Amino acid sequence: MNNFDRMLSSEDVMRRRATLLQRLHIDGPLLILLLTLAAGSLFVLYSASGKSWDLLAKQATSFGIGLVSMIVIAQFEPRFMARWVPVGYVIGVLLLVVVDVMGHNAMGPRAGSTSPG
4 MNNFDRMLSS EDVMRRRATL LQRLHIDGPL LILLLTLAAG SLFVLYSASG
54 KSWDLLAKQA TSFGIGLVSM IVIAQFEPRF MARWVPVGYV IGVLLLVVVD
104 VMGHNAMGPR AGSTSPG
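For the sequence shown, our numbering begins at 4 and goes up steadily by one.
Written out as structure tokens, the structure is:
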């Protein structure tokens, strides 16, 4: 029997080594699309900001933090996410209420509020 014609058994499939992206639970084409979009947007930001390296570095750092966060979150089991995401959502909403009640306005009056006098 020719080697090209044989079917892979389930044992062969299980023995196959997973790539780094598969072990990290990251979709390769989606990651490439994301990196391409980020590179393009950084180029546009650099051009539109008057060639400001500081702004570009700040935005690239924020993107890097987001990328690392994405990789960390991808490592969680879906059951863990299903159990704890609603709790995180409620905590996030409570924190928004706390900021609305206890926060102060640094940039002037709130929209819709009347100014004194």
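C-beta: ideal position from N, C-alpha, C; glycine also. Note that the structure is a prediction, hence the values are computed from the model and not measured.
Indicate whether residue 79 and residue 41 have their beta-carbon atoms separated by less than 8 Å.
-> no
Under 8 Å between the Cβ atoms of residue 62 and residue 48?
-> yes
Taking just the CA atoms, how far does residue 102 sit from residue 109?
-> 13 Å
Own chain partners of residue 120 with C-beta closer than 7 Å, once the 5 adjacent residues on each side are dropped = Confidence in residue 120 is poor, its pLDDT being 49 and thus under 50, which makes the residue's placement unreliable; the coordinate value appears in the next sentence. So no residue of the chain qualifies.
Candidates 43, 57, 74: which alpha carbon is nearest residue 30's?
-> 74
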